[in-house]
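Chemist: If you're matching positions, the sequence shown starts at 1 in the numbering used here and goes up one per residue.
Each residue gets a CB set at the ideal place from its N, CA and C atoms; glycine is no exception.
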Amino acid sequence: MPGRRIIVVGAGPVGTVAALACARFGHDVTLLEAEERIDESPRASTTQPPTLEILAELGLIDDYIAQGLVARTFQFWDRPRLRLIAEFDFERLRGETAYPFVVQTEQHKLALMGIARLRAMANATVRMANRVTGLEQDTDGVTVQTEQGTLRADHVIGCDGGRSTVRKSLGIEFEGFTWPERFLVITTKFDFARALGCCYRNYMAGPEEWTNLFKVAGDDLQGRWRAVYNTREDESDEEALSDAAVRARLGRIYVPEAERDYLHLNLYNVHQRVAKRFRSGRVFLCGDAAHVNNPIGGLGLNSGIHEAWDLAQVLSQPGADLDAYERRRRPLNIEYVQEQTIANKRRLEERDTATRERHFDELRRTADDPAKHKAFLMRASLLEGVRRLRS
Ligand SMILES: Cc1cc2nc3c(=O)[nH]c(=O)nc-3n(C[C@H](O)[C@H](O)[C@H](O)COP(=O)(O)OP(=O)(O)OC[C@H]3O[C@@H](n4cnc5c(N)ncnc54)[C@H](O)[C@@H]3O)c2cc1C
C-alpha cells in the first residue's frame, strides 16, 4: 500500500529504479549508497525493449535514449575468418513493443538520472556514503544498521550488488558457480563499424579466444567501443592487463598496429549464481544481489530492472501476495537469464569445428526464417518471459 516506509540499499541502476518506482507509487523512500560517488567504470549498457518500456513508465526514456546509442541490429561473426554469420533485426518486433531496438546507455547514467529525479521528490531521500552493515526484522518492521546509525522501515529492498550485505545478513545462500577464466574489457576509440563493417553489437565466436564488440556513447557522446574478451584460464591478472597483451588482443580483432591505443581496461570474475530466496519476511532482493551471470547477451541488469519494477508494484497493491514476487522472478531468472547466458557463452567458445559450423548454420537458418527470427528475438530480448508473466 502506498505510504509505506521503504529503504532501498544500493544506488546502482537497479536500486535507483526500485527507489524511483516506489517513490512514484507514493511510498516514503530512503536510498542508501555505501560510496560517495556512483561507480562510473565500464559495466552494462545494453538495454532491451521491455526494459525501455519500464524506463518510459518512469519518465526516463527520452533522457535515456539521448544519452546512449540506438542499436537496431546485432550480428554473429566467425572471428578467425572474419566472416559475418547472421544478423538479427529488432525491427521484427514492431507491433510487440513500442521500442523495437536496443539502447546502449552506460549503467552509471541510469543511476545518476534516477538519483537526480529522487532528489527532486518530497517523499524520497538519497544518502550517499551511507554503508549498510546489517539488519534485523521484528513483527513491526526492519531495523537497518548503517555506519552512520540505525534506521527503521516497513520494508527493505536489497539492491547492493553481487556481494550483497543484505543477502548475507539474511543468511541466504548464493547457489551456482564461478567460471575459471575472467573477462577483459578494452575501451578504445578505434571505429570497428568503419573498419570491419560490423554494427553496434557484435558477438564474434572463436575457439581459442572470442570477442564481443559494442559501441557506447561515452560521457562526451563522442562514441567509443568496448571489446570484451575471455582470458586464458592460466593467465595472471598482470599478464592480461599488460600493455603488450592488450595490444596483441586488439591486433587479433584486426586493429592495425598504429591504432592499438586504448582508454580503459576492466578485468573481472564471472559467475552464474542465483539466491536461494528472493524474499525473507519484510526484506527483498533485486538485481545482482539476487543473481549474477555472464554478460553475454546483455540480460543480467535488464532482469534486475524488471524485478525492481515488479516489486515496486507488488508493494503498492493493497493485500498483495508478497511471495508472488519470488515465485515469479526466481524461475524466470533461471530459465531466461542463467540458461541463455550459459548457452550464449558456450556458442562463442565452441572448439569443435563441426559443432561450430552446426551452430553457425542454425543461426543462419534462424535469421533467414521470419518466424524463427522473431521467436529468437522475443527470447533474447526477455520479451517472451515478460509477456508470459502478463498472460
Ligand atoms: C566489474 C563488472 C563488470 C561488468 N560488466 C558488464 C558488462 O560488460 N555487461 C553487462 O551486461 N553486465 C556487466 N556487469 C554486470 C552489471 O554491471 C550488473 O548486472 C549491474 O551492475 C547490476 O546492477 P545492481 O544495481 O543490481 O548492482 P550494482 O551495480 O553492483 O550496484 C550495487 C550498489 O550497491 C552499493 N552497495 C554495495 N554494498 C552496499 C552496502 N552495504 N550499503 C549500501 N550500498 C551498498 C554499491 O556501491 C553499488 O552502488 C558487470 C559487473 C561487474 C561487477
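Measure the alpha-carbon distance for residue 167 versus residue 71 and round it to whole angstroms.
Modeler: Along the sequence shown, read from residue 1 onward, the residue named residue 167 stands at position 167. Along the sequence shown, read from residue 1 onward, the residue named residue 71 stands at position 71. Between residue 167 and residue 71, the C-alpha separation is close to 35 angstroms.
Chemist: Let me make sure I understand the geometry here. Which of 5, 152, 274, 95 has the alpha-carbon closest to that of residue 172?
Modeler: Working through the sequence shown from its first residue, we reach residue 172 at position 172. Considering only alpha carbons, the answer is 274.
Chemist: Given a cut-off of 7 angstroms, decide if residue 107 and residue 2 are closer than it, judged by their beta-carbon atoms.
Modeler: Taking the sequence shown and counting its residues from 1, one reaches residue 2 at position 2. Taking the sequence shown and counting its residues from 1, one reaches residue 107 at position 107. No. Outside cutoff.
Chemist: Go to residue 275, then tell me how far its alpha helix (DSSP H) extends in each direction, as first and last residue.
Modeler: Within the sequence shown, numbered from 1, the residue matching residue 275 stands at position 275. Residue 275 -> not in any alpha helix (DSSP H); beta strand (DSSP E) instead, spanning 264–275.
Chemist: Less than 7 angstroms between the beta carbons of residue 53 and residue 73, yes or no?
Modeler: For the purposes of this step, residue 53 is identified with residue 53 of the sequence shown, where counting begins at 1. For the purposes of this step, residue 73 is identified with residue 73 of the sequence shown, where counting begins at 1. No; because the gap between Cβ atoms is not below 7 angstroms, this pair is not in contact.
Chemist: Return yes when at least one heavy atom of ligand 1 lies under 6 angstroms from the C-beta of residue 151, else no.
Modeler: Working through the sequence shown from its first residue, we reach residue 151 at position 151. No.
Chemist: Could you check whether the Cβ of residue 301 sits closer than 6 angstroms to any heavy atom belonging to ligand 1?
Modeler: For the purposes of this step, residue 301 is taken as the residue at position 301 of the sequence shown. Checking every heavy atom of ligand 1 against the Cβ of residue 301, one is found closer than 6 angstroms.
Chemist: By Cβ distance below 6 angstroms, which residues in the same chain neighbour residue 140 in space, the five residues on each side in sequence not counted?
Modeler: Taking the sequence shown and counting its residues from 1, one reaches residue 140 at position 140. Nothing meets the Cβ criterion.
Chemist: For residue 128, does the three-state DSSP call read helix, strand or coil?
Modeler: Numbered from 1 along the sequence shown, position 128 holds the residue referred to as residue 128. Of the three classes helix, strand and coil, the one that applies to residue 128 here is coil, per DSSP.
Chemist: Is residue 12 near ligand 3, with its Cβ less than 6 angstroms from a heavy atom?
Modeler: Although ligand 3 was asked about, the structure shown includes only ligand 1 as ligands.
Chemist: Spell out the partners DSSP gives residue 278 in its beta bridges.
Modeler: Along the sequence shown, one-based indexing puts residue 278 at 278. DSSP, once it has assigned bridges, lists no residue as partnering residue 278.
Chemist: Using the three-state DSSP reduction, which class does residue 397 fall into: helix, strand or coil?
Modeler: With the chain represented from 1 up to 391, any question about residue 397 goes unanswered, as that position is not in the structure.
Chemist: Quick check on DSSP: helix, strand or coil for residue 298?
Modeler: Along the sequence shown, read from residue 1 onward, the residue named residue 298 stands at position 298. Coil, per DSSP.
Chemist: With residue 207 as the anchor, note down where its beta strand (DSSP E) starts and where it stops.
Modeler: The sequence position of residue 207 within the sequence shown is 207, counting from 1. Unbroken run through residue 207: none, as it is neither H nor E.
Chemist: Just curious, the alpha helix (DSSP H) that residue 15 is in, first and last residue?
Modeler: For the purposes of this step, residue 15 is taken as residue 15 along the sequence shown, with counting starting at 1. Where residue 15 is concerned, the enclosing alpha helix (DSSP H) stretches over 13–24.
Chemist: Across which residues does DSSP place residue 291 in a beta bridge pair?
Modeler: Translated into the one-based positions of the sequence shown, residue 291 becomes position 291. In the DSSP output, where bridge partners are listed per residue, residue 291 has 274.
Chemist: With a cut-off of 7 angstroms, does the C-beta of residue 56 fall near any C-beta of chain D?
Modeler: No chain D appears in the structure shown, which is made up of a single protein chain.
Chemist: Say the cut is 6 angstroms; is the CB of residue 22 nearer than that to a heavy atom of ligand 1?
Modeler: Here residue 22 refers to the residue found at position 22 of the sequence shown. No, the beta carbon of residue 22 sits no closer than 6 angstroms to any heavy atom of ligand 1.
Chemist: Does DSSP put residue 188 in a helix, a strand or coil?
Modeler: As a first step, residue 188 is located in the sequence shown; it is residue number 188 there, counting from the start. Looking at residue 188 - three-state DSSP - the assignment turns out to be strand.
Chemist: Whole angstroms are fine: how far does the CA of residue 344 sit from the CA of residue 210?
Modeler: Working through the sequence shown from its first residue, we reach residue 210 at position 210. Working through the sequence shown from its first residue, we reach residue 344 at position 344. If you take the alpha carbons of residue 210 and residue 344, they lie about 12 angstroms apart.
Chemist: What is the residue span of the alpha helix (DSSP H) that residue 64 lies within?
Modeler: Taking the sequence shown and counting its residues from 1, the one referred to as residue 64 is at position 64. Here the alpha helix (DSSP H) through residue 64 covers 61–66.
Chemist: In this structure, how does DSSP classify residue 99 when only helix, strand and coil are distinguished?
Modeler: Looking up residue 99 in the sequence shown gives position 99. Three-state DSSP puts residue 99 in coil, outside helix and strand.
Chemist: Whole angstroms is fine: what's the gap from residue 216's alpha carbon to residue 233's?
Modeler: Translated into the one-based positions of the sequence shown, residue 216 becomes position 216. Translated into the one-based positions of the sequence shown, residue 233 becomes position 233. For residue 216 and residue 233, the distance between alpha carbons rounds to 28 angstroms.
Chemist: Between residue 246 and residue 185, how many whole angstroms is the CB-CB distance? I'm expecting something under 8 angstroms.
Modeler: Working through the sequence shown from its first residue, we reach residue 246 at position 246. Working through the sequence shown from its first residue, we reach residue 185 at position 185. Residue 246 to residue 185, Cβ: 11 angstroms. No contact.
Chemist: Straight-line CA distance for residue 292 to residue 196?
Modeler: Within the sequence shown, numbered from 1, the residue matching residue 292 stands at position 292. Within the sequence shown, numbered from 1, the residue matching residue 196 stands at position 196. Answer to the nearest angstrom: the Cα atoms are 32 angstroms apart.
Chemist: Compute every distance between the C-beta of residue 134 and the non-hydrogen atoms of ligand 1, then say whether any falls below 6 angstroms.
Modeler: Locating residue 134 in the sequence shown gives position 134, counting from the first residue. No, the beta carbon of residue 134 sits no closer than 6 angstroms to any heavy atom of ligand 1.
Chemist: Considering residue 344, what are the terminal residues of the alpha helix (DSSP H) in which it resides?
Modeler: Start at 1 with the first residue of the sequence shown, and residue 344 comes out as number 344. Run containing residue 344: 339–349, per the alpha helix (DSSP H) assignment.
Chemist: In whole angstroms, give me the CA-to-CA distance for residue 102 and residue 177.
Modeler: Position 102 of the sequence shown, counted from the start, is the residue given in the question as residue 102. Position 177 of the sequence shown, counted from the start, is the residue given in the question as residue 177. Those two C-alpha atoms are separated by around 29 angstroms.
Chemist: Between the Cα of residue 386 and those of 341, 363, 10, 336, spot the shortest distance and give me the residue it belongs to.
Modeler: Mapped onto the sequence shown, residue 386 falls at position 386. That would be 336, whose Cα lies nearest to the Cα of residue 386.
Chemist: Would the beta-carbon of residue 31 fall within 7 angstroms of that of residue 8?
Modeler: The residue given as residue 31 occupies position 31 in the sequence shown. The residue given as residue 8 occupies position 8 in the sequence shown. For residue 31 and residue 8, yes; Cβs fall inside 7 angstroms.
Chemist: So who's on the other strand from residue 143, going by DSSP bridges?
Modeler: Locating residue 143 in the sequence shown gives position 143, where the first residue counts as 1. Bridge partners of residue 143: 136, 152.
Chemist: Which residue marks the beginning of the beta strand (DSSP E) containing residue 84, and which one marks its end?
Modeler: In the sequence shown, counting from the first residue as 1, residue 84 sits at position 84. Looking at the DSSP string, the run of the beta strand (DSSP E) that includes residue 84 is 83–89.
Chemist: Considering just the uninterrupted stretch of the beta strand (DSSP E) at residue 224, what are its terminal residues?
Modeler: Residue 224 sits at position 224 when you count from the first residue of the sequence shown. 224–230 is the span of the beta strand (DSSP E), which, as asked, contains residue 224.
Chemist: Should residue 211 be counted as a contact of ligand 1 given a C-beta to heavy atom distance under 6 angstroms?
Modeler: As a first step, residue 211 must be located in the sequence shown, where it is residue number 211. Checking the Cβ of residue 211 against ligand 1 gives no.
Chemist: Please report the residue range of the beta strand (DSSP E) in which residue 317 lies.
Modeler: Position 317 of the sequence shown holds residue 317. Residue 317 -> no beta strand (DSSP E), and no H or E assigned at all.
Chemist: Based on Cα-Cα distance, which residue from 372, 388, 391, 170 lies nearest to residue 92?
Modeler: Within the sequence shown, residue 92 is the residue found at index 92, counting from 1. The shortest C-alpha separation from residue 92 is found at 372.
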